[in-house]
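To keep things clear, I will list the structure first and then write my remarks on it.
Numbering (the UniProt record's numbering), first residue to last: 1 to 115.
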């Protein structure tokens, strides 16, 4: 996260930087937190969709990522089981959750304090 950036703004910016895709965040799938000594680690899993006019995912490696691409659930499962794994296990888990009708929580549940 950048200074003064919300979790949603971070998701939008990071997706653009790493995948080259403009997204609209639609909801929250899960929030995880882990105590790590004197601090906490928090991860928020958002559900988002590409904006209609978004360019296709980037295909050339850069300092942000190796590549980005659209895949089917079956292709994601194959990536999960094939080195270098492409973080496929986690991605597959949430893609399957969505496909199976898992709950997508409203984005306003994750608002700024005092709103």
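Glycine included, C-beta positions come from ideal geometry on N, C-alpha and C.
Going by C-alpha distance, which of the options is nearest residue i?
i	options	result
residue 111	58, 53, 19 and 25	25
residue 104	16, 114, 61 and 27	27
residue 48	74, 80, 109 and 21	21
residue 60	76, 109, 9 and 17	17
Spatial neighbours of residue i within its chain, please: C-beta separation below 8 Å, excluding the five flanking residues on both sides.
i	result
residue 13	2 and 5
residue 19	57, 58, 65 and 68
Between the alpha carbons of residue i and residue j, how many angstroms are there, rounded?
i	j	result
residue 82	residue 44	26 Å
residue 93	residue 114	33 Å
residue 100	residue 70	19 Å
residue 42	residue 106	19 Å
residue 39	residue 33	10 Å
residue 37	residue 52	43 Å
residue 79	residue 90	11 Å
residue 7	residue 76	26 Å
Let me know the secondary structure DSSP gives residue i once reduced to three states.
i	result
residue 26	strand
residue 17	helix
residue 75	helix
residue 10	helix
residue 90	helix
residue 68	coil
residue 49	strand
Output needed for residue i: all residues of its chain with C-beta closer than 7 Å, excluding positions within five of it in sequence on either side, in chain order.
i	result
residue 116	Not covered by the structure: residue 116. The range shown for the chain is 1 to 115.
Please work out which residues of its chain come closer than 6 Å, Cβ to Cβ, to residue i, disregarding the five sequence neighbours upstream and downstream, and give them in chain order.
i	result
residue 54	21 and 22
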